[in-house]
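**Student:**
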Amino acid sequence: MREPIQGARRHHLRLLIGAALCSLMPAGIAMAQTAQTPSEQDQTEANTIVVTGSRIPTAEITAQPVTRVTGDEIARRGFTNLGIALLDQPGFGVPGNSPFGSQGYFGAGQTFANLYDLGSQRTLTLVNGNRFVTAASSSLSGAVAGSPVDLSQIAPALVDRIETVSVGGAPIYGSDAIAGTVNVILKKNYQGFSVNASQGVSGQGDAQDSNVSLLAGKNFAEGRGNITVSLYYDRQHGLTNGDRSSLIGGSRAFSGTATAGNSYTHQLYYGGMHYNLFTNTGMPLVADSYPIVGGQTYAGVTNAAGQALTFNSAGQLTPFVNGQLTGNAAYQAGGSGFAISDYDNFLADSERLQGTLLGHYDFTDHIHFSGEFWLGRNYGTNLAKQPYYNTRQFAAAGQPNGNLIISTANPYLSAADRQTIISNLAGYGLPTDHFYLTRANTDLSTGAFRTRSDLLRMVGGLNGDFALGERKFDWDVTVNYGRSTSSTASRELVTQNFNNAVNAVTTSSGQIACASGYTNAAYPTISSTCAPLDIFGYGNASQAAIDYVTANAFTHQLNTQTDVVADVKGELIKLPGGHAKGVAGYEYRRESANFDPGAFYAGALQADGTRVSYGNLAPVSAVAGSFHSNEFFGEFSAPIVAPDNDVPLIAQLDVNAAVRYVKHSLTGGFTSYTGGGSYAPVKGLTFRGNFTRSFRAPSITELFAPVSTVAAVANDPCDKGYITAGSNPATRAANCAAAGLPANFTSSVVAASVKGTAGGNPNLQNEVANSWTVGAVVQPPMLRGLTLSADYVNIDIRNEIASLSLTDLMTACYDSSLSSPYCKTFTRNSAGQVTSFASSNFNIGEEVFRALQGNLAYTLPLERLGLSSSAGVLDLNVNYLHTFRHYYRIGTEDLQQVAGQSKDPANTFTATANYSRKAFNWMVQGIYYGSTKVNPNSPDSAYQYPTINSYVTFNTSIGVDVSKNVNFRFLVNNVFNRGLPFPYSVDVQRYYSAIMGRYFRVSAGFKF
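Heads up: the sequence shown begins at 5 in the numbering used here, then just goes up one per residue.
Below, the structure written as structure tokens:
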């Protein structure tokens, strides 16, 4: 159904629907259409606003592709999180954080939008056309270095529609709109009371989700005012990778370093990646080394048959079972080793409670008030992460994360195991009073953490109109204040107390106790009384010991935003196609962020000013800063020719332009601008195009984060698995050889992290993007209800802020010259292994995106096929995105391809069919991801199976209105329970539905 374009009268301007895109629906986001009753239609019109990307009421077809998803579509799919609703659309990439996958430190449960996968920090998200305070952590360890909006803080039931404008928004709204602008538009003028409740569960009986929403609204003062209240509660039970072990956990197939004799360097293995360097029950060692290397016993304790031994769960020594050997000596496929992939988060455990109050009131016919008040509290839990390790891989014995030094007199050892260990030590001529233990302490330190996010937001605005001569102008002033606080809590292992408790002895009275002479850590643990810890096996430690070796750690994040916008707009001059309109305005914005890591994560201050960690993580630094901007903007829209002008070959011609000057307190001045138009040679065919110069100011994290210790793994270019990669493998190989590294070199940093430093850069400047779109919209008069659109999107980002990873640093070194300054940013030891690195933020990146997005939308009342008028309506929507190119480059390194990875298929589409008839509705949807590469930045010859197969999944839902006031809906996601495509190496967030499996939801709604 096409929503009408409103006239030029002031009160009609408030009712504009954003260029009547209900009939347009360009590519990118599907929209479900249903017939509405007259009262529902009136309410929809009252909720509409100017199309996103302009402050001027625009023509039906805009110069930039604008897409939308409706609240009805969100409800039909059963989404409880707006970010996931967008992720299912072709134009959106994997966000910096979402409920799926490993959660960003200090921000569990948060969800961001990521248009075109250019980064969540480059997608501007608005609510009702206004900025929204970010909940993201400003820590270096946070999920994203920017100010994205947490979409999980917005109740889906409150959403009227979500509009997205491609590449546009910077001249209209300011910084961050490089990829485009997402505008969440809320319901207004709601009249009545409704309650909706739903319950979801996976086909495996887990991942239960319960939610309830309440929406109540009432008009008053003879319709001059309205107040609407929304309450929303959602409880989602989470999952670890181990709960889907065969797909993403420790039993999954994986691509690892190939064994000798193969032409490829990466081989597909089954049974899961299991590290033979340690187990989570503990492996005894005769020396400070590794128990098994390449399937052969190295420093491990053995039995009489020469088999390496490991403790079983009960704490008794048992033979270590080797799995399939791989080309990497650190891990095997299957076997008794540590199943590392089980210990990560798949679905965050969350609980969300949100309340929103919306209101407006007309003081007079010329002065109007509108306001919003938001309160919210969200809990998100990352259920599992990497534990506290004790292994020679990270440090020498006795050091934090190094092998444990255990007395052979430890009372928790059985007599038989003690004798076995002593015999091994004696056999090597070593002292028999102590041995070493390597262990992944998953029973003591799960890596779980919980984030509580609290939101306070207030928006107040006055708008009206005035006459100036024969012209009438509208004015608007909006004040927006937001405050977001996030607190993360976790239970962490304290190294000093851990070592005290492990050093257990038998007292003269026969009791097991901590050895005397210990000193507790300066940071308080749950209990200050040392209790001996049984470190052998799994889960054998007493609660008293666990309380002594673990402590509660807390962080705190505070973000504030103040935004004041004022503008005036109106008709300027009369043109053949109508009145040219203009806008002039001013915006003041101030944002601040303050991250306090707390005493535990900050670490113990040393005399030289450095800090030493109390536990597993490197010391985390505080980050604080603020900025403000004064911004002046203008916009102009001119309808040159209208259809009733009867100009040959010009049915319609519109042009528009906008400019914004930003004076930023830290980065100085910048001018953003845009220009474009639309041209229809005949009715039903429109060409459109646009050019935009946009920008992103550096975030507080990128500017102010102090240099601090971080840890990283990397794809070492000199490792035998990566030496043939890059655009010039010959140069890479020559440089690695010149650095003294052999051609078959195995780099430990590929599998195990090393510590380095990273920090902010106060001299950063704005990122700058030149972007343009060109496309066409076809609405054949002979096929009413059909709209076809296609748009080419071109985005070039320069001066991109890049936080150089260890992989970036090494790639920039070996793919250019050993005289490159990047070669001085990391160090290797005499064996060639990376031991440290130093990184920072620089304006040295570039990113390029080229894509074609298309849409087919067709609304077909079945009576056109000769059926009765009550036969119902069929809506078809197909949204398609083909990415021609998407790559980034940091400094002088080779291009790094993004398109073609599993998180960014070059071809994606979503097709939706929706049938509605009276009190019945049936929706069927298919989502397709084209084939991708395991690694598009390596030659296919490097992988045994380089191509990931294409994937398609289907979703459906059926809704029934039992009565005028009661409705029920039954939903099934992944109807056919489609699993992961071969060879299974995929992005968890992109393929979350395949990993979850078939999922059911039942909802019930009541309206009064």
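Think of the CB as a built atom: it goes at the ideal place given N, C-alpha and C, for glycine as much as any other residue. Treat the numbers as computed from the prediction; the structure is a model and nothing was measured.
Who does residue 658 pair with in a DSSP beta bridge?
**Tutor:** According to DSSP, residue 658 bridges with 643 and 682.
**Student:** Would you check if the distance between the CB atom of residue 195 and the CB atom of residue 696 is smaller than 9 Å?
**Tutor:** Contact: no.
**Student:** Comparing C-alpha positions only, which one of 380, 712, 774 and 348 sits nearest to residue 361?
**Tutor:** Of the listed residues, the one whose Cα sits closest to residue 361 is 380.
**Student:** Leaving out five residues before and five after residue 986 in sequence, what residues of the same chain have Cβ atoms less than 8 Å from its Cβ?
**Tutor:** For residue 986, where only same-chain residues beyond five positions count, the Cβ hits under 8 Å are 949, 952 and 953.
**Student:** Please determine if the segment 368-387 and the segment 103-116 are in contact, where contact requires at least 3 C-beta pairs separated by less than 8 Å.
**Tutor:** Output reads yes: the segment 103-116 touches the segment 368-387.
**Student:** Can you give me the C-alpha to C-alpha distance between residue 614 and residue 521, rounded to a whole angstrom?
**Tutor:** Going by the C-alpha atoms only, they are around 27 Å apart.
**Student:** In the DSSP output, which residue or residues are listed as bridge partners for residue 474?
**Tutor:** According to DSSP, residue 474 bridges with nothing at all.
**Student:** Could you tell me whether the Cβ atoms of residue 146 and residue 109 are closer together than 9 Å?
**Tutor:** For residue 146 and residue 109, yes; Cβs fall inside 9 Å.
**Student:** Can you give the Cα-Cα distance for residue 593 and residue 485, rounded to whole angstroms?
**Tutor:** Roughly 10 Å separates the two Cα atoms.
**Student:** Can the beta-carbon of residue 223 be found closer than 9 Å to that of residue 131?
**Tutor:** No, these two residues do not count as a Cβ contact at 9 Å.
**Student:** Taking Cβ positions, are residue 864 and residue 879 nearer each other than 9 Å?
**Tutor:** Contact flag set, yes.
**Student:** Can you list, in chain order, the residues of its chain whose CB lies under 6 Å from that of residue 491, leaving out five sequence neighbours each side?
**Tutor:** If we look at residue 491 and ignore the five residues flanking it on each side, its Cβ neighbours are 456 and 560.
**Student:** Quick one: residues in its chain with C-beta nearer than 6 Å to the C-beta of residue 756, no 5 flanking neighbours on either side, listed in chain order?
**Tutor:** The answer, listed in chain order, is 397.
**Student:** Let me know the secondary structure DSSP gives residue 999 once reduced to three states.
**Tutor:** Three-state result, residue 999: helix.
**Student:** Report the rounded CA-to-CA distance for residue 612 versus residue 777, giving the unit in angstroms.
**Tutor:** Near 56 Å, if we compare the C-alpha coordinates of residue 777 and residue 612.
**Student:** Exposed or buried, what is residue 786 when buried is set at 16 or more other beta-carbons lying within 10 Å of its beta-carbon?
**Tutor:** Classification for residue 786: exposed.
**Student:** In terms of DSSP beta bridges, what is residue 786 paired with?
**Tutor:** Answer is none; residue 786 lacks a bridge partner.
**Student:** With H, G and I counted as helix, E and B as strand and the rest as coil, what does DSSP make of residue 103?
**Tutor:** Coil, per DSSP.
**Student:** Go to residue 431, then tell me how far its alpha helix (DSSP H) extends in each direction, as first and last residue.
**Tutor:** Taken as a continuous stretch (DSSP letters only), the alpha helix (DSSP H) holding residue 431 covers 419-431.
**Student:** Does the pairing of the segment 256-265 with the segment 390-404 give three or more beta-carbon distances under 8 Å?
**Tutor:** No, the segment 256-265 does not touch the segment 390-404.
**Student:** Under three-state DSSP, which class holds residue 745?
**Tutor:** In this structure, residue 745 counts as coil in the three-state DSSP scheme.
**Student:** Can you give me the Cβ contacts of residue 254 inside the same chain, cut-off strictly under 6 Å, excluding the 5 residues immediately before and after it?
**Tutor:** Cβ within range, chain order: 276, 343, 345 and 346.
**Student:** Can you tell me the Cβ-Cβ gap for residue 549 and residue 176, rounded? I've got them flagged as a contact below 8 Å.
**Tutor:** With 8 Å as the limit, residue 549 and residue 176 do not qualify as a contact, their Cβ atoms being about 60 Å apart.
**Student:** Could you work out which residue in 797, 944, 852 and 348 is closest to residue 452 when comparing CA atoms only?
**Tutor:** Closest option to residue 452, Cα to Cα, is 348.
**Student:** Do you know how far the Cα of residue 118 is from the Cα of residue 91?
**Tutor:** Taking the straight line from one Cα to the other gives about 8 Å.
**Student:** Can you tell me which residues form a DSSP beta bridge with residue 919?
**Tutor:** Answer is 878 and 926.
**Student:** Cα separation between residue 573 and residue 588?
**Tutor:** Their backbone Cα atoms lie some 7 Å apart in a straight line.
**Student:** In three-state terms, what does DSSP make of residue 292?
**Tutor:** DSSP places residue 292 in coil when its eight states are reduced to three.
**Student:** Just to confirm, is the Cβ distance from residue 508 to residue 528 under 9 Å?
**Tutor:** The answer is no: Cβ separation not under 9 Å.
**Student:** Alpha carbon to alpha carbon, how far is residue 350 from residue 602? Give it in angstroms, no decimals.
**Tutor:** In a straight line, the C-alpha of residue 602 is about 27 Å away from that of residue 350.
**Student:** I'd like the span of the alpha helix (DSSP H) that includes residue 604, first residue to last.
**Tutor:** Counting along the chain, the alpha helix (DSSP H) containing residue 604 begins and ends at 602-606.
**Student:** Under the DSSP definition of a beta bridge, which residues are partnered with residue 312?
**Tutor:** BP columns for residue 312 point to 306.
**Student:** Between the C-alpha atoms of residue 936 and residue 909, what's the straight-line distance to the nearest angstrom?
**Tutor:** Near 6 Å, if we compare the C-alpha coordinates of residue 909 and residue 936.
**Student:** When you compare the segment 276-287 with the segment 313-329, are there three or more beta-carbon pairs, one atom per stretch, that lie closer than 8 Å?
**Tutor:** Yes: at least three Cβ pairs fall under 8 Å.
**Student:** Can you give the Cα-Cα distance for residue 744 and residue 826, rounded to whole angstroms?
**Tutor:** C-alpha separation (whole angstroms): 17 Å.
**Student:** Determine the burial state of residue 833: buried for a count of at least 16 other Cβ atoms within 10 Å of its Cβ, exposed for fewer.
**Tutor:** Flag for residue 833 reads exposed.
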